[in-house]
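Residue numbers (my numbering): -7 to 173.
We put the beta carbon where it would ideally sit given N, CA and C, even for glycine.
Some notes on the structure that comes next.
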Amino acid sequence: MLVLLDRDGVINEDRADFVKSPTELIFIPKALEAIARLKGHGHRLVVVTNQSCIGRGIINEEQLAEIHGKLRDNLARLSGDLDDILIAPDAPWAATDRRKPGPGMLFEAMRKYHAKPKETVFIGDSTRDIEAARSADCHRILVRTGKGQKTLAEGLSKDLMPVHIAEDLDEAASFILEGRF
-7 MLVLLDRDGV
3 INEDRADFVK
13 SPTELIFIPK
23 ALEAIARLKG
33 HGHRLVVVTN
43 QSCIGRGIIN
53 EEQLAEIHGK
63 LRDNLARLSG
73 DLDDILIAPD
83 APWAATDRRK
93 PGPGMLFEAM
103 RKYHAKPKET
113 VFIGDSTRDI
123 EAARSADCHR
133 ILVRTGKGQK
143 TLAEGLSKDL
153 MPVHIAEDLD
163 EAASFILEGR
173 F
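Here it is, written out as structure tokens:
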């Protein structure tokens, strides 16, 4: 199965002022272990993340590469790995179809890894993540971490269903490994 992951709020703590350096990348408990478990069971793992901090001029692509280097290094210590990291650097006022809720990055990942929507699951923490997954017609898991609790409190529209709800990435990984999709 192709597992698509939002980054901020799913793998690491979400910051209102953006993750601007590797030191600001704080991992959510058990998130890296969950990625390593999924990888160990042969799943393809791709991070699909909006990074408007680039489009806003807050950081550049080299700084983002350093942040993602920390992510990859920490995963490697757990025998985990990501197949890819796709980013949408668009500022909200200059959004392309790559920027979630657009499904561009999800379609790109499915094409690249030859996965059909029914063989793909997207794990996110916001309405725009779930909207992107619905537009790409793949399975949807909303985690309560990051913006997830607020997203649930605001309610998900019926057209986004079905959406599985998980406490965190660790529980979402268990859903996948238990064959719920």
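Contact check, L98 vs G116, beta carbons under 8 Å: no
So which of P154, V155, D121 has the shortest CA-CA distance to E139? Checking the sequence shown, residue 139 turns out to be Lys, not Glu. Comparing Cα positions, the closest option is D121.
Are the stretch 55 to 67 and the stretch 16 to 32 in contact at 8 Å, needing three or more beta carbon pairs? yes
Just to confirm the assignment: which complete alpha helix (DSSP H) runs, minimum length 4, are found wholly within the stretch 92 to 129? 96 to 104, 119 to 127
On a Cα-Cα basis, can you pick out the residue from K12, R136, D162 that is closest to E54? Among K12, R136, D162, the Cα nearest to that of E54 is on K12.
Limits of the unbroken alpha helix (DSSP H) element including T143: 140 to 146
Please state the DSSP three-state secondary structure of L17. coil
Who are the Cβ neighbours of A128 in its own chain at under 8 Å, not counting the five residues just before and after it? P95, L98, F99, M102, P109, T112, F114
Which runs of the alpha helix (DSSP H), 4 residues or longer, sit entirely within the stretch 11 to 96? 23 to 32, 44 to 47, 53 to 68
Rank M153, C130, V155 by C-alpha distance to the C-alpha of V(-5) and give the top, closest one. Ranked by how close their Cα comes to the Cα of V(-5), the residues M153, C130, V155 have C130 in first place.
Which whole-angstrom value describes the C-beta separation of R64 and L78, a residue pair presumed to lie in contact below a C-beta threshold of 8 Å? R64 to L78, Cβ: 14 Å. No contact.
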